[in-house]
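Participant:
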Amino acid sequence: MSSDVPTRPFRFGVVATPQAGGEGWIATAKRIEELGYSTLLMPDGVQLLSPFSSLAVAATATSLRVGTFV
Numbered sequence: 002m003s004s005d006v007p008t009r010p011f012r013f014g015v016v017a018t019p020q021a022g023g024e025g026w027i028a029t030a031k032r033i034e035e036l037g038y039s040t041l042l043m044p045d046g047v048q049l050l051s052p053f054s055s056l057a058v059a060a061t062a063t064s065l066r067v068g069t070f071v
């Protein structure tokens, strides 16, 4: 039996936060990409610093999809 439903490959993601400054964060993002992950997520909450600048750096340095979660 065939299906007309298009299939997409399953993607895996990682949740991470910068721990070692800007260069360390870029190295972390590149390593995540090298390991085959497709998405990098960071937590976003009132008690945390905004994740958007860190995610922008990761997106610029890699082909990872980036995003936040609450």
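Here the numbering used here is used: the first residue of the sequence shown is 2, the next is one more, and so on.
Just so it is clear, CB atoms sit at the ideal spot from N, CA and C, and this is done for glycine as well.
Mind reading off the beta-carbon distance from Ile-33 to Val-15? Whole number of angstroms is fine, and I expect it under 8 Å.
Facilitator: For the purposes of this step, residue 33 is taken as residue 32 along the sequence shown, with counting starting at 1. For the purposes of this step, residue 15 is taken as residue 14 along the sequence shown, with counting starting at 1. Rounded, the Cβ-Cβ distance is 5 Å, consistent with contact.
Participant: Assuming contact is defined by CB atoms lying nearer than 9 Å, are Thr-63 and Met-43 in contact in what I supplied?
Facilitator: Walking along the sequence shown from the start, residue 63 turns up at place 62. Walking along the sequence shown from the start, residue 43 turns up at place 42. No, they are not a contact pair.
Participant: Please classify Val-67 as buried or exposed, where buried requires at least 16 neighbouring CB atoms within 10 angstroms.
Facilitator: Stepping through the sequence shown from its first residue, residue 67 is reached at position 66. That one is buried.
Participant: Would you mind listing the alpha helix (DSSP H) stretches within the stretch 17-57 that are 4+ residues and don't spill past its ends, in chain order?
Facilitator: With a minimum length of 4 residues, the unbroken runs of alpha helix (DSSP H) contained wholly in the stretch 17-57 fall at 22-35.
Participant: Give me the Cα-Cα distance between Thr-61 and Ser-4, rounded to the nearest whole angstrom.
Facilitator: Translated into positions along the sequence shown, residue 61 becomes position 60. Translated into positions along the sequence shown, residue 4 becomes position 3. Cα-Cα distance, rounded: 38 Å.
Participant: Determine which residues share a DSSP beta bridge with Phe-70 and list them.
Facilitator: Counting from one through the sequence shown, the residue named residue 70 turns up at place 69. Answer by DSSP bridge pairing, in chain order: Pro-44.
Participant: To which residues of the same chain is Gly-46 closer than 8 Å at the C-beta, ignoring the five residues directly before and after it?
Facilitator: Here residue 46 refers to the residue found at position 45 when the sequence shown is read from its first residue. Cβ within range, chain order: Val-71.
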